[in-house]
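Enquirer: Pasting a structure below so you can have a look.
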Amino acid sequence: MAELLQLKPQLQGIGFTSPRTRKRMVDRLEAAGIKNPLVLEALRQLPRHLFVDEALAHRAYEDTALPIGHGQTLSQPYIVARMTEILLENQPEKVLEIGTGSGFQCALLACLIKEVWSVERLEPLMSKARKRLQELGLRNARISHGDGQMGLSAHAPFDAILVTAAPKELPESLTEQLNEGGRLILPLGDKEQTLCIFDKNNGRLVRKDIEPVYFVPLLPGAQ
Ligand code: SAH
């Protein structure tokens with residue numbers, strides 16, 4: 129696992145929200161069962177308020193999902209932290225995220241992992257997210273526009289793939305683009321969804337269910 133990338137103090141935007149507000153959010157995540165110290169530290173540093181509209185910035189450190197436009201949402205910090213913690217268990221060096229949205233999950237991954245790729249189907253969200261990561265100096269993350277159901281074959285295979293929108297069924301392209309020993313994490317289902325892990329061992333997939341979740345649906349095609 130790469131060491132935690134330290135954001136420069138001026139990029140952390142600490143001046144906007146008091147360090148206490150963020151510490152409170154991270155304390156709550158710890159109380160809710162998030163254990164990985166690197167994940168907790170990265171969440172202490174990352175300016176979540178820069179990933180939502182200014183009008184919502186004051187709510188950025190509540191443990192709640194927030195709208196990011198186009199009917200999409202930035203996931204609740206607890207679930208972002210939980211998925212990241214599960215992903216780090218296998219010490220991946222190259223990961224793919226499907227559903228960039230605001231770019232917050234992607235930025236968190238970029239603080240913790242050497243090489244991060246992310247795909248978003250909605251162009252306006254993709255360009256905003258790309259700009260945010262550039263401004264934060266997170267150069268190890270690359271965001272592209274496309275249908276993430278197909279994965280990102282040009283850069284496959286990946287040590288881990290994280291999907292932040294829910295497909296009804298397991299997309300085969302994603303499991304194909306997973307390295308041996310790799311892990312796919314995704315919400316699976318329609319109205320009732322479960323956060324699932326699929327580990328690839330000797331070419332076979334082993335499924336483990338984590339907890340019930342609610343994500344926006346994984347939709348076909350890019351716009
Ligand atoms: N990880 C995001 C959460 C975004 S919500 C964040 O940290 O903010 C899920 C995102 O998945 C939405 O932006 C939605 O447009 C996107 N999405 C849905 N289907 C997709 C697909 N097939 N390919 C790529 N992105 C998709």
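Counting from 129, one number per residue, gives the positions in the sequence shown under our numbering. We put the beta carbon where it would ideally sit given N, CA and C, even for glycine. Predicted, not measured: the structure shown is a model, and the values here were computed from it.
#1: Can you give the Cα-Cα distance for E213 and V244, rounded to whole angstroms?
#2: Of all the alpha helix (DSSP H) runs that stay within the bounds of the stretch 232-288, which reach a length of 4 or more residues?
#3: Would you report the Cα separation of L194 and K296, rounded to the nearest angstrom?
#4: What is the rounded straight-line gap between the Cα of I226 and the Cα of D275?
#5: Suppose contacts are defined by Cβ-Cβ distances below 8 angstroms. Is G310 in contact with A288 by that definition?
#6: Answer yes if the stretch 238-256 comes into contact with the stretch 278-292, meaning at least three C-beta pairs across the two stretches below 8 angstroms, and no otherwise.
#7: Determine the burial state of S255: buried for a count of at least 16 other Cβ atoms within 10 Å of its Cβ, exposed for fewer.
#8: Cβ atoms of L171 and V154: under 8 angstroms apart, would you say?
#9: Quick check on this structure: which residue in P252, T192, A269 has the alpha carbon closest to the alpha carbon of H198?
#10: Is E248 close to the ligand SAH? I mean its beta-carbon at under 7 angstroms from any heavy atom of the ligand.
#11: Which residues does DSSP list as the beta-bridge partners of E339?
#12: In this structure, does DSSP put Q173 in helix, strand or coil?
#13: Buried or exposed: where does H186 fall if 16 or more other Cβ atoms within 10 Å of its Cβ makes it buried?
#14: Could you spell out where the beta strand (DSSP E) holding V223 opens and where it closes?
#15: Write down every uninterrupted run of the beta strand (DSSP E) in the stretch 148-216 whose length is 3 residues or greater and which is fully enclosed by it, in chain order.
#16: For the beta strand (DSSP E) that contains E308, what are its first and last residues?
Expert: Taking the geometry as given:
#1: Taking the sequence shown and counting its residues from 1, one reaches residue 213 at position 85. Taking the sequence shown and counting its residues from 1, one reaches residue 244 at position 116. The alpha-carbon of E213 is positioned some 15 angstroms away from that of V244.
#2: Listed in chain order, they are 232-240, 251-263.
#3: Counting from 1 along the sequence shown, the entry for residue 194 is found at position 66. Counting from 1 along the sequence shown, the entry for residue 296 is found at position 168. C-alpha separation (whole angstroms): 23 angstroms.
#4: Translated into the one-based positions of the sequence shown, residue 226 becomes position 98. Translated into the one-based positions of the sequence shown, residue 275 becomes position 147. Cα atoms of I226 and D275: separation of roughly 9 angstroms, rounded to the nearest angstrom.
#5: Here residue 310 corresponds to residue number 182 of the sequence shown, with the count starting at 1. Here residue 288 corresponds to residue number 160 of the sequence shown, with the count starting at 1. Yes.
#6: Counting Cβ pairs under 8 angstroms, three or more are found: they touch.
#7: What you label residue 255 is simply residue 127 of the sequence shown in a count that begins at 1. S255 counts as exposed, since fewer than 16 other C-beta atoms from the protein chains shown sit within 10 angstroms of its C-beta.
#8: In the sequence shown, the residue the question calls residue 154 occupies position 26. In the sequence shown, the residue the question calls residue 171 occupies position 43. Cβ atoms of V154 and L171: closer than 8 angstroms.
#9: One-based indexing of the sequence shown puts residue 198 at position 70. Sorting P252, T192, A269 by C-alpha distance to the C-alpha of H198 places P252 at the top.
#10: In the sequence shown, residue 248 corresponds to position 120, counting from 1. Judged by the Cβ position, E248 qualifies as a neighbour of the ligand SAH at the 7 angstroms threshold, a heavy atom of the ligand being closer than this.
#11: For the purposes of this step, residue 339 is taken as residue 211 along the sequence shown, with counting starting at 1. In DSSP, E339 forms a bridge with L323.
#12: In the sequence shown, counting from the first residue as 1, residue 173 sits at position 45. Residue state, collapsed to three classes: helix.
#13: Within the sequence shown, the letter at position 58 stands for residue 186. Counting Cβ neighbours within 10 Å, H186 comes out exposed, since fewer than 16 surround it.
#14: Locating residue 223 in the sequence shown gives position 95, counting from the first residue. Start and end: 222-226.
#15: List check, beta strand (DSSP E) in window: 194-197, 200-202.
#16: The residue you call residue 308 lines up with position 180 of the sequence shown. Residues 306-317.
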